[in-house]
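Residues 9 to 435 in our numbering are what the sequence shown lists, from first letter to last.
Note that CB positions come from ideal geometry on N, CA and C, so glycine has one too.
All values derive from a computational prediction rather than experimental measurement.
What follows is a short report on a single structure.
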Amino acid sequence: MTRTATLTFGDQTIELPVIEGSEGELGVDISQLRAKTGLITLDPGFGNTGACRSAITYIDGDKGILRYRGIPIEQLAENSNFAETAWLLIYGKLPSQEQLDTFSERLRFHAPLHESFKHHFEGFPVDAPPMATLSAMINTLSCFHPESPEPDEAEFFEEAARLISKVRTIAAYSYRRSMGLPYIYPAPHLHYVANFLHMMFSNPYEQHVASPEVVKALNLILMLHADHEQNCSTSTVRVVGSSKANLFASCAAGVSALWGPLHGGANVAVLEMLESIHRGGISAEQALAQAKDKSSGFRLMGFGHRVYKNFDPRAVILKKAADEVLGSLGVKDPLLDVARRLEQIALEDPYFVERKLYPNVDFYSGIIMRAMGIPTNMFTVIFAIGRMPGWIAHWKEQYDDQAGRIARPRQIYTGNTETDYVAIGKR
Ligand code: ACO
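Written out as structure tokens, the structure is:
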């Protein structure tokens with residue numbers, strides 16, 4: 009039976025179809041609203057707007073559920089790795105051994121950057137924000153690897169592997185440049201994460217060998233960040249891709265959206281906040297009081313989420329991982345104690361309880377990355393590397409959607425009504 013919702017406005021009444029998702033989520037299809045009534049909807053921040061149908065990631069924010077292609081994040085965190093999870097997100101099911109081997113081989117193949125590409129890094133100031141470099145360099149990939157405007161499946165496969173692989177090399181090179189260190193070429197015998205750590209931390213005279221614990225933890229961080237349905241950066245990728253912009257251009261835009269402190273940039277802001285508390289700048293209690301005071305403009309970074317109103321399952325996994333990684337590396341980081349204390353008092357505070365504000369993925373990820381020796385300004389870059397398979401999967405889903413249209417929202421105009429031009433001498 010087709011369900012409908014009834015909208016009455018003035019003397020007009022219309023029936024709007026109700027769409028049901030595979031997990032029972034209901035949405036009112038308003039695609040004919042304007043044509044039938046002249047009305048549009050207004051939903052700042054899109055908190056009530058479904059922009060597409062998607063089969064990639066499912067989140068139930070009240071129950072703290074996150075699944076990639078139906079598989080709970082906890083199972084992937086326990087059993088999978090980043091390359092396999094990337095395949096799952098992009099192609100919709102777990103790869104066979106042969107598919108995974110082929111994919112891994114293509115990731116290895118695409119890891120080096122064109123030699124001329126390498127010289128582009130010299131054009132940026134050494135203290136350039138790594139997210140700016142990353143976004144620019146992903147766009148630059150379009151110059152070195154022009155994409156077919158309408159890639160077939162085989163071309164798309166190569167483009168996806170090229171982007172997932174090269175983003176890691178670009179990230180490592182931007183770090184090396186910022187430190188005044190020589191670039192380290194990828195090592196073909198190393199897997200995805202170990203190869204990234206090699207390019208970050210090896211020297212021409214000394215091979216860096218990452219411990220299995222660090223490789224495992226970074227794999228975990230990348231997997232947990234790999235997709236999160238229609239978040240700000242993914243929506244950006246879909247909006248840009250809806251104009252038929254190529255994969256690199258669309259994902260470069262995603263990097264820019266991710267950069268902001270209310271989104272991926274929060275992992276940097278969290279660490280700065282914890283450091284400030286630790287240095288005695290402010291106490292945990294003062295930070296909490298400031299976050300509750302709207303006039304301060306300060307928010308408790310790493311807390312709150314548009315969708316999760318119970319707990320963020322990624323934060324739960326990372327909190328446990330933080331203990332394990334720091335323990336295995338023998339790192340005693342006072343910021344972990346500050347984070348635990350802050351979490352404890354926030355979760356007991358009525359302001360946070362009433363608004364259902366819980367630690368999000370960014371709250372503990374920075375502490376783990378810091379223990380691995382990754383500098384703070386690279387945290388959001390790591391997030392971008394992790395999110396790449398999600399962006400690619402969404403770009404492709406939209407590309408394949410025959411009913412897809414260019415994203416072009418409407419507005420409620422609030423400016424001047426018709427106003428005459430006044431010559432400059434008479435103003
Ligand atoms: N600290 C203090 N108050 C907060 C916080 C916070 N971190 N987050 C939300 N609130 C308050 C708001 O002031 C608002 O209060 P009000 O109802 O009295 O006006 C209420 O909680 C609801 O907040 P909204 O801003 O409406 O929530 P929204 O869904 O728009 O924002 C967001 C979600 C951006 C994540 C927000 O919680 C925030 O700014 N958090 C801090 C930044 C952060 O950690 N971002 C990372 C998010 S996860 C990710 O992108 C990977």
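How is the beta strand (DSSP E) around residue i delimited, first residue to last?
{"i": "Arg395", "result": "Premise fails: Arg395 lies in the alpha helix (DSSP H), Phe387 to Asp408, not in any beta strand (DSSP E)."}
{"i": "Leu74", "result": "Ile73 to Tyr76"}
{"i": "Glu28", "result": "Gln20 to Glu28"}
{"i": "Leu34", "result": "Leu34 to Val36"}
{"i": "Ala13", "result": "Thr12 to Phe17"}
{"i": "Thr65", "result": "Thr65 to Asp68"}
By how many angstroms is the C-alpha of residue j removed from the C-alpha of residue i?
{"i": "Lys126", "j": "Leu84", "result": "35 Å"}
{"i": "Val36", "j": "Ser62", "result": "16 Å"}
{"i": "Ala168", "j": "Leu142", "result": "17 Å"}
{"i": "Ser124", "j": "Leu149", "result": "11 Å"}
{"i": "Pro25", "j": "Thr57", "result": "15 Å"}
{"i": "Ala401", "j": "Lys174", "result": "17 Å"}
{"i": "Ser241", "j": "Leu230", "result": "16 Å"}
{"i": "Phe256", "j": "Ala162", "result": "16 Å"}
{"i": "Gln298", "j": "Pro52", "result": "26 Å"}
{"i": "Ala277", "j": "Ile390", "result": "15 Å"}
{"i": "Leu15", "j": "Leu50", "result": "15 Å"}
{"i": "Ala179", "j": "Ile382", "result": "12 Å"}
{"i": "Ile81", "j": "Pro159", "result": "31 Å"}
{"i": "Gln238", "j": "Gln294", "result": "34 Å"}
{"i": "Tyr359", "j": "Glu31", "result": "31 Å"}
{"i": "Asp19", "j": "Thr45", "result": "11 Å"}
{"i": "Ala91", "j": "Val324", "result": "22 Å"}
{"i": "Cys259", "j": "Gly433", "result": "48 Å"}
{"i": "His153", "j": "Phe111", "result": "19 Å"}
{"i": "Ala253", "j": "Cys151", "result": "14 Å"}
{"i": "Trp403", "j": "Gly288", "result": "45 Å"}
{"i": "Val263", "j": "Tyr421", "result": "30 Å"}
{"i": "Asn89", "j": "Ile73", "result": "20 Å"}
Within its chain, find whatever has a CB closer than 6 Å to the CB of residue i; leave out the 5 residues flanking it on each side and keep chain order.
{"i": "Gly69", "result": "Val315, Tyr316 and Lys317"}
{"i": "Leu350", "result": "Ala292"}
{"i": "Gly312", "result": "Leu365"}
{"i": "Lys327", "result": "Tyr372"}
{"i": "Gly394", "result": "Leu230, His233 and Ala234"}
{"i": "Ala415", "result": "Val247 and Ser250"}
{"i": "Leu121", "result": "Thr177"}
{"i": "Tyr191", "result": "Tyr181 and Arg184"}
{"i": "Val223", "result": "Val201 and Ala202"}
Among residues of its own chain, excluding the 5 on either side of residue i, which ones have a beta-carbon nearer than 7 Å to its beta-carbon?
{"i": "Val339", "result": "Ala379"}
{"i": "Gly273", "result": "Trp267 and Thr388"}
{"i": "Asp357", "result": "Leu296"}
{"i": "Thr10", "result": "Pro25"}
{"i": "Ser284", "result": "Ile290"}
{"i": "Ala218", "result": "Ala202 and Leu205"}
{"i": "Pro367", "result": "Gly310, Phe311, Asp320, Ala323 and Glu351"}
{"i": "Phe17", "result": "Thr45 and Leu47"}
Can you find the residues in the same chain that come closer than 8 Å, C-beta to C-beta, to residue i, ignoring five residues on each side of it along the sequence?
{"i": "Tyr76", "result": "Ile64, Thr65, Leu84, Thr93, Leu96, Leu97, Ala234 and Asp235"}
{"i": "Ala119", "result": "Ser173, Lys174, Arg176, Thr177, Pro194, Pro196 and Asn203"}
{"i": "Gln406", "result": "Cys60, Arg246, Gly249, Ser250 and Gly412"}
{"i": "Ile375", "result": "Leu279, Leu282, Ala330, Leu334, Asp341, Leu343, Leu344 and Ala347"}
{"i": "Glu221", "result": "Glu332, Val333, Ser336 and Leu337"}
{"i": "Ile353", "result": "Ala292, Glu293 and Leu296"}
{"i": "Asn147", "result": "Phe256, Ala257 and Ala260"}
Mind checking which residues open and close the alpha helix (DSSP H) that includes residue i?
{"i": "Val339", "result": "No alpha helix (DSSP H) holds Val339; DSSP gives it neither H nor E."}
{"i": "Leu108", "result": "Gln105 to Phe117"}
{"i": "Ile436", "result": "The question about residue 436 has no answer here: the residues shown for the chain are numbered 9 through 435."}
{"i": "Thr93", "result": "Phe90 to Tyr99"}
{"i": "Tyr372", "result": "Asp370 to Ala379"}
{"i": "Tyr200", "result": "Tyr200 to Phe209"}
{"i": "Thr45", "result": "Leu41 to Thr45"}
{"i": "Tyr359", "result": "Pro358 to Glu362"}
{"i": "Cys151", "result": "Pro138 to Phe152"}
{"i": "Glu293", "result": "Ala292 to Lys300"}
{"i": "Ser303", "result": "Premise fails: Ser303 is in no alpha helix (DSSP H) and is neither H nor E."}
{"i": "Gln238", "result": "It is not in any alpha helix (DSSP H) - Gln238 carries neither H nor E in the DSSP assignment."}
{"i": "Gln83", "result": "Ile81 to Asn87"}
{"i": "Ser264", "result": "Leu255 to Trp267"}
{"i": "Met309", "result": "Segment: none, Met309 is in no alpha helix (DSSP H) and carries neither H nor E."}
{"i": "Val223", "result": "Pro220 to Leu232"}
Taking contact to mean 3 or more Cβ pairs, one atom from each stretch, closer than 8 Å, check whether the segment 210 to 221 and the segment 100 to 108 are in contact. With a cut-off of 8 Å on Cβ pairs, the segment 210 to 221 is not in contact with the segment 100 to 108, counting fewer than three such pairs.
Would the segment 187 to 205 count as touching the segment 353 to 367 if we require 3 or more Cβ pairs under 8 Å? Contact fails: fewer than three Cβ-Cβ distances are below 8 Å.
Taking 8 Å as the cut-off, does the segment 170 to 187 touch the segment 129 to 140 (at least 3 CB pairs, one atom from each stretch)? Flag = yes, the segment 129 to 140 and the segment 170 to 187 touch.
Evaluate the contact criterion for the segment 301 to 312 versus the segment 242 to 253: three or more CB pairs, one atom per stretch, below 8 Å. Contact between the segment 301 to 312 and the segment 242 to 253 is absent, because fewer than three Cβ pairs lie under 8 Å.
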